[in-house]
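J.: Chains as they are written, first to last, in the numbering used here: chain R, 523 to 722; chain L, 523 to 722.
Once you've had a glance at the structure underneath, I'll fire off some questions.
Number of protein chains: 2
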Amino acid sequence: MSAPIDFYFDFASPYGYIAAQTIDAVAAKHGRNVNWHAIVLDANFQSLERIRIPSSVMRSDYIRRDVERLAAFMDVPFNTPSSLGLHTEMAARLFHWFNDRDPEQGRKFAQAVYRAYFVDDRNIAQGEVLQDLCATQHISPDQLQALSNDSATRARLKAEIDLAEARGVFGSPFFIVEGERFWGNDRMPQLEHWLAHGPY
Amino acid sequence: MSAPIDFYFDFASPYGYIAAQTIDAVAAKHGRNVNWHAIVLDANFQSLERIRIPSSVMRSDYIRRDVERLAAFMDVPFNTPSSLGLHTEMAARLFHWFNDRDPEQGRKFAQAVYRAYFVDDRNIAQGEVLQDLCATQHISPDQLQALSNDSATRARLKAEIDLAEARGVFGSPFFIVEGERFWGNDRMPQLEHWLAHGPY
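As structure tokens, then:
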């Protein structure tokens, strides 16, 4: 099988949510796997190519409408959450904990977090909400508490973010395949062209 | 015929150049006309929704590659110019002078400016280059000189930019149809969906 696609996403990103609904199917169509990587863009993406869109912009009228329209266009369920730009570090740390053990479990958790935020308008920065989402993954409150205080999960996420930054990731969703970077859902047709026909 | 599409572009924007190669055909397919509007984004787009991408970003590795790849994907001739972020006010003022007299002449001039910049790597901020481009439009050096010093063409452009800003335009290319805003080439499929099926 050819090289996998690296898929970077932030749980605070509605565009990341929309990409998460389609990327596996797109990749499978071209015989590729996808490696999912939760990152936190606010954490340290201040250097390199500074295209990062500030959270104030994510609350702008244009972006609100753009996301709603994109979701309708892609036929993906979406409800604008009452609070945009939530703190996503804990969700990202839990994602890697699941994902390192079983990528399928990682995906399921990621989809549950995204659905909670962008469909059910739940506050995924809150411990009790994450607890609910973990419950379906057979994680007890005690285990979640332990993971939350675990310096290893914090270091794991930080290393992931550092690696993403070193690879030139600066937005969500972000795709890398064979060293080529694609930023945004709207580059999906170009990504598909790459997968189908090779570099251009 | 249904409402026209307003197409806003900056001559410094390679994405605007690429949009200029396709928008008329897309609109015609759906029985629409296009009104072309040259604007200068650096002039006063500091307020409202501040998504404006700074010129330093336009020189980033990612954007350079993104533009090249998009042009290849769209099968549009493109050569990265040696100088990005040129001053485009004079070209935009001349565009409106032509366009107000004859939209076809306006389009021809706009395409000539874009081609000079993004195919032939000419400096469209220079008077002699604009003179060359005007020559094919039957404008003499004396006429060009007069237009360059004309406060009316300056006021005309400023009003256009003020109007664009009031309508919520903040990037290039930017499309408005029936009050709905679409930013970027990558929203063209959504614009087409709107034209084909109405609001969604």
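Ideal Cβ placement from N, Cα and C applies to all residues, glycine included.
It should be emphasised that the depicted structure is a prediction, and the values quoted were computed from it without experimental measurement.
Does DSSP classify Val699 (chain R) as helix, strand or coil?
T.: strand
J.: With H, G and I counted as helix, E and B as strand and the rest as coil, what does DSSP make of Val651 (chain L)?
T.: helix
J.: Counting along the chain, where does the alpha helix (DSSP H) carrying Ile540 (chain L) start and finish?
T.: 536-542
J.: With a threshold of 6 Å on Cβ separation, who are the neighbours of Ser535 (chain L) within its own chain once the five nearest residues in sequence on each side are excluded?
T.: Hits under 6 Å: Ser694.
J.: Hey, does His552 (chain L) have any beta-carbon neighbour from chain R nearer than 8 Å?
T.: no
J.: Using a Cβ-Cβ cut-off of 8 Å, state whether His715 (chain R) counts as contacting chain L.
T.: It does: the Cβ of His715 (chain R) has a partner Cβ on chain L nearer than 8 Å.
J.: With 9 Å as the C-beta to C-beta threshold (strictly closer), list the residues of the region 588-601 of chain L near chain R in chain order.
T.: Asp588, Arg591, Leu592, Ala594, Phe595
J.: Can you name the residues of chain L whose CB is closer than 7 Å to the CB of Asp643 (chain R)?
T.: The contacting residues do not exist; Asp643 (chain R) stays about 22 Å from chain L at best.
J.: Return helix, strand or coil for Asp532 (chain R), following the three-state DSSP convention.
T.: coil
J.: Contact criterion: CB-CB distance below 8 Å. Does Arg689 (chain L) meet it with respect to chain R?
T.: no
J.: Taking the beta strand (DSSP E) that His715 (chain R) belongs to, which residues open and close that run?
T.: Looking at the DSSP string, His715 (chain R) is not in any beta strand (DSSP E); the run it does join, the alpha helix (DSSP H), is 710-719.
J.: What residues from chain L crowd round Trp705 (chain R), counting only those whose CB sits closer than 8 Å?
T.: Tyr584, Asp588
J.: With a 10 Å radius around its C-beta and 16 neighbouring C-beta atoms as the bar for buried, classify Ile527 (chain L) as buried or exposed.
T.: When all chains shown are included, Ile527 (chain L) counts as buried.
J.: Using a 10 Å radius around the Cβ and a threshold of 16 neighbouring Cβ atoms, would you call His618 (chain R) buried or exposed?
T.: buried
J.: Counting only beta-carbon separations shorter than 8 Å, does Tyr722 (chain L) have a partner in chain R?
T.: yes
J.: Three or more beta-carbon pairs under 8 Å between the region 632-648 of chain R and the region 603-611 of chain R, yes or no?
T.: The region 632-648 of chain R vs the region 603-611 of chain R: in contact.
J.: DSSP three-state label for Phe600 (chain R), please.
T.: If DSSP states are grouped into helix, strand and coil, Phe600 (chain R) belongs with coil.
J.: Of all the options R:Asp532, R:Lys551, R:Phe531, which has the alpha carbon lying nearest to the alpha carbon of Ala718 (chain R)?
T.: R:Lys551
J.: So who's on the other strand from Ala560 (chain L), going by DSSP bridges?
T.: L:Phe531
J.: Does any residue of chain R have a CB that is nearer than 8 Å to the CB of Asp708 (chain L)?
T.: yes
J.: Applying the 10 Å Cβ sphere with the 16-neighbour rule, what's the burial state of Asp588 (chain R)?
T.: buried
J.: Tell me, which residues are paired with Phe704 (chain R) by DSSP?
T.: R:Phe697
J.: Please return the same chain residues whose Cβ sits closer than 8 Å to the Cβ of Ser569 (chain L), not counting the five positions on each side in sequence.
T.: Interpretation of Ser569 (chain L) is limited by its pLDDT of 46, a score under 50 that renders its predicted location unreliable; the figure taken from the coordinates is listed afterwards. So the qualifying residues of the chain are Glu687.
J.: Is it right to say Gly649 (chain L) is buried, meaning 16 or more other beta carbons lie within 10 angstroms of its own, or is it exposed?
T.: exposed
J.: For Ala597 (chain R), count neighbouring Cβ atoms within 10 angstroms of its own Cβ and tell me buried if that reaches 16, exposed if not.
T.: Looking at the sequence itself, residue 597 (chain R) is Asp, so the reference to Ala does not match. Per the 10 Å Cβ criterion, exposed.
J.: Can you pull the chain R neighbours of Gln712 (chain L), defined as C-beta to C-beta under 8 Å?
T.: Arg591, Leu592, Phe595
J.: Can you list, in chain order, the residues of its chain with a C-beta nearer than 6 Å to that of Arg530 (chain L)? Leave out the 5 residues immediately preceding and following it.
T.: Correcting the residue identity first, residue 530 (chain L) is Tyr in this sequence and not Arg. These residues qualify, in order along the chain: His559, Ile561, Ala686, Val691, Phe696.
J.: Pick from R:Glu714, R:Val699, R:Met710: whose alpha carbon is nearest that of Gly763 (chain R)?
T.: Any question about residue 763 (chain R) goes unanswered here, given that chain R covers just 523 to 722.
J.: From Glu626 (chain L) to Leu616 (chain L), what does the alpha carbon distance come to, in whole angstroms?
T.: 14 Å
J.: For Ile573 (chain R), would you say it is in contact with chain L, using Cβ-to-Cβ distances shorter than 8 Å as the test?
T.: In this prediction, Ile573 (chain R) scores a pLDDT of 49, lower than 50, which makes its location untrustworthy; the coordinate-derived value is nonetheless stated afterwards. Yes, contact with chain L.
J.: Output needed for Arg554 (chain L): all residues of its chain with C-beta closer than 8 Å, excluding positions within five of it in sequence on either side, in chain order.
T.: The residues are Met523, Ser524, Ala525, Pro526, Ile527, Val699, Leu717.
J.: Quick check: Ala542 (chain R) and Gln633 (chain R), are their CB atoms within less than 8 Å of each other?
T.: yes
J.: Spatial neighbours of Asn707 (chain R) within its chain, please: C-beta separation below 7 Å, excluding the five flanking residues on both sides.
T.: Tyr537, Ile540, Ala541, Leu592, Pro695
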